[in-house]
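Peer 1: Protein chains in written order, with this note's numbering: chain C, 2 to 216; chain G, 2 to 216. For each residue, glycine too, the CB sits at the ideal point set by N, CA and C. All values derive from a computational prediction rather than experimental measurement. Sharing a structure, written as structure tokens. Questions coming.
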């Protein structure tokens, strides 16, 4: 097996890459990095050489290592193009990337563990305030995405084929549900969610199915 | 002129795209969107049809419109590949994207105007606390980037050629300096900054040179 993925079961960025690997039927070794135990295993000297931002995921391919889920998924799509995740001509690929980035830079960074911990410690906010912060950002991001996709979606984000956009959407909706948000408010997004969650690659990549998920 | 850019002079995401346009010598019409005046011009009905997240930049190319700076720069690089911004083989391009994302999803989202306004209104924090929040996130992001680039940089982020990574770095350093951060702490990054700021495309794209910059 040439590929290794350093992953945390509940990390939405790791989840995106796991779907890509499963969808492309790439065998890989799963290396759990527990973000909470042992002072955060991402902070060890060995791991931070692989990933200078001390985050998951990191993918290694033989002696090559790479982080940032967007960069990893683009790389997998260039190195192993079938089935393609950035589908279509330059304009279509651009729209797929726009959808990915609405989540990748527009939502996820504002609600990840490190940021929430910093909010709590800098501003002494309580759990209720923290939840409101997350929900507000996720709602405005998902609303923008729902509206953007209205001229693109079919069974999935872009017509009836899986694209990279679906790999970003499903983990973000999983996160939203952890915060008890009602995702059926977003009719297209929740329909796409249902469709994706029936597919083998999404099932295998789900947080609950990972070796480091609690029993 | 086939291209129009909806931009705000001081927006670092707009600045990235302006450098790409100048570097590729693409003529474009500049359409200023003032993020503060008139209740935020990004919030008008007309603009929010173009950009459902109500952000800058948006690029239009004939009847095609696109937002998210990463998606725009990838699109320009596919549609008008010379000179190339994502240079090299799949592995090299992946590393360039990783550097871009360390800024695009790792730093910028935590210190943009909308997020800072929300911090102030949700948690009643003062200017000093706001500045500390920005500086902490920018510092940890730039430190991770400085360390990551140690095995890649030359005159620029990747060797001695301009790549997309430089288009993300220079606007982020401009922002850091607005917050009075000492960017010479990052030896490679500040050297790259100096080198880039001498180039015509970076000079033309600079916030101070835009039609909507205050006199």
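Determine which residues share a DSSP beta bridge with residue 7 of chain C and list them.
Peer 2: C/32 and C/59
Peer 1: Hey, is the stretch 107 to 122 of chain C in contact with the stretch 11 to 29 of chain G, meaning 3+ C-beta pairs nearer than 8 Å?
Peer 2: The stretch 107 to 122 of chain C, when compared against the stretch 11 to 29 of chain G, does not touch it at the 8 Å Cβ threshold.
Peer 1: Let's see if you can read the secondary structure: which residues bound the beta strand (DSSP E) around residue 65 of chain C?
Peer 2: 65 to 68
Peer 1: DSSP puts residue 154 of chain C in a beta bridge; with which residues?
Peer 2: C/160
Peer 1: Quick one: residues in its chain with C-beta nearer than 8 Å to the C-beta of residue 99 of chain G, no 5 flanking neighbours on either side, listed in chain order?
Peer 2: Scanning its chain for C-beta atoms nearer than 8 Å, with the 5 sequence neighbours on each side dropped, one finds around residue 99 of chain G the residues 149, in chain order.
Peer 1: Among C/120, C/208, C/33 and C/50, which residue has its Cα nearest to the Cα of residue 5 of chain C?
Peer 2: C/33
Peer 1: If you pair each beta-carbon of the stretch 18 to 31 of chain C with each one of the stretch 201 to 209 of chain C, do three or more pairs fall below 8 Å?
Peer 2: yes
Peer 1: Applying a beta-carbon distance threshold of less than 9 Å, which residues of chain C neighbour residue 126 of chain G?
Peer 2: 123 and 124
Peer 1: Cβ of residue 168 of chain G within 8 Å of Cβ of residue 95 of chain C?
Peer 2: no
Peer 1: So the candidates are G/180, G/158 and G/170; which of them puts its Cα closest to the Cα of residue 104 of chain G?
Peer 2: G/170
Peer 1: At a CB-CB cut-off below 8 Å, which residues of chain G make contact with residue 68 of chain C?
Peer 2: 99
Peer 1: Report the option in G/181, G/186 and G/36 whose CA atom is closest to the CA atom of residue 118 of chain G.
Peer 2: G/36
Peer 1: By the three-class DSSP mapping on this structure, what secondary structure does residue 166 of chain C have?
Peer 2: The three-state secondary structure of residue 166 of chain C, taken from DSSP, is helix.
Peer 1: Since I believe residue 91 of chain G is in contact with residue 48 of chain C (beta carbons under 8 Å), could you give me their beta-carbon distance rounded to a whole number of angstroms?
Peer 2: With 8 Å as the limit, residue 48 of chain C and residue 91 of chain G do not qualify as a contact, their Cβ atoms being about 24 Å apart.
Peer 1: Going by alpha carbons, who is nearest to residue 139 of chain C out of C/71, C/184 and C/70?
Peer 2: C/184
Peer 1: Since residue 44 of chain C meets chain G, which of its residues come closer than 7 Å, beta carbon to beta carbon?
Peer 2: Chain G residues near residue 44 of chain C: none, gap ~12 Å exceeds 7 Å.
Peer 1: Put residue 191 of chain C into one of helix, strand or coil per three-state DSSP.
Peer 2: helix
Peer 1: Is the Cβ-Cβ distance between residue 87 of chain C and residue 124 of chain G less than 8 Å?
Peer 2: no
Peer 1: When you compare the CB of residue 166 of chain G with every CB in chain C, is at least one pair closer than 8 Å?
Peer 2: no
Peer 1: Just to confirm the assignment, what range does the alpha helix (DSSP H) spanning residue 118 of chain C have?
Peer 2: 114 to 124
Peer 1: On the three-state DSSP scale, how would you describe residue 2 of chain G?
Peer 2: coil
Peer 1: Are any of the Cβ atoms in chain C nearer than 8 Å to that of residue 106 of chain G?
Peer 2: yes
Peer 1: Return helix, strand or coil for residue 202 of chain C, following the three-state DSSP convention.
Peer 2: helix
Peer 1: Could you say which of C/53, C/46, C/44 and C/189 lies nearest to residue 155 of chain C if we only look at CA atoms?
Peer 2: C/189
Peer 1: State the CB to CB distance for the pair residue 78 of chain C and residue 69 of chain C, rounded to an integer number of angstroms; the pair is presumed to be in contact (CB under 8 Å).
Peer 2: Actually they do not touch by this definition, with Cβ atoms about 14 Å apart.
Peer 1: Drop a sphere of 10 angstroms on the beta-carbon of residue 11 of chain G, count the other beta-carbons inside from all chains shown, and report buried for 16 or more, exposed for fewer.
Peer 2: buried
Peer 1: Ordered along the chain, which non-local residues of its own chain (more than five positions away) have a Cβ less than 8 Å from that of residue 182 of chain G?
Peer 2: 136, 139 and 140
Peer 1: In its own chain, which residues sit with a C-beta less than 7 Å from the C-beta of residue 63 of chain C, not counting the 5 before and 5 after it?
Peer 2: 3
Peer 1: For residue 130 of chain C, which residues in chain B fall below 9 Å Cβ to Cβ?
Peer 2: This model lacks chain B altogether; the protein chains it does include are C and G.
Peer 1: Which chain C residues are close to residue 76 of chain G, counting only those with a beta carbon under 7 Å from its beta carbon?
Peer 2: 91 and 95
Peer 1: What is the DSSP secondary structure of residue 87 of chain G, reduced to helix, strand or coil?
Peer 2: coil
Peer 1: How would you label residue 8 of chain G, buried or exposed, when you count the other beta carbons within 10 angstroms and need 16 or more for buried?
Peer 2: The residue in question, residue 8 of chain G, is buried, as its Cβ has 16 or more Cβ neighbours within 10 Å.
Peer 1: Which residue's Cα is closest to the Cα of residue 28 of chain G: G/53, G/45, G/44 and G/61?
Peer 2: G/61
Peer 1: Residue 180 of chain C by DSSP, collapsed to three states: which one?
Peer 2: In the structure shown, residue 180 of chain C adopts coil according to DSSP, grouped into three states.
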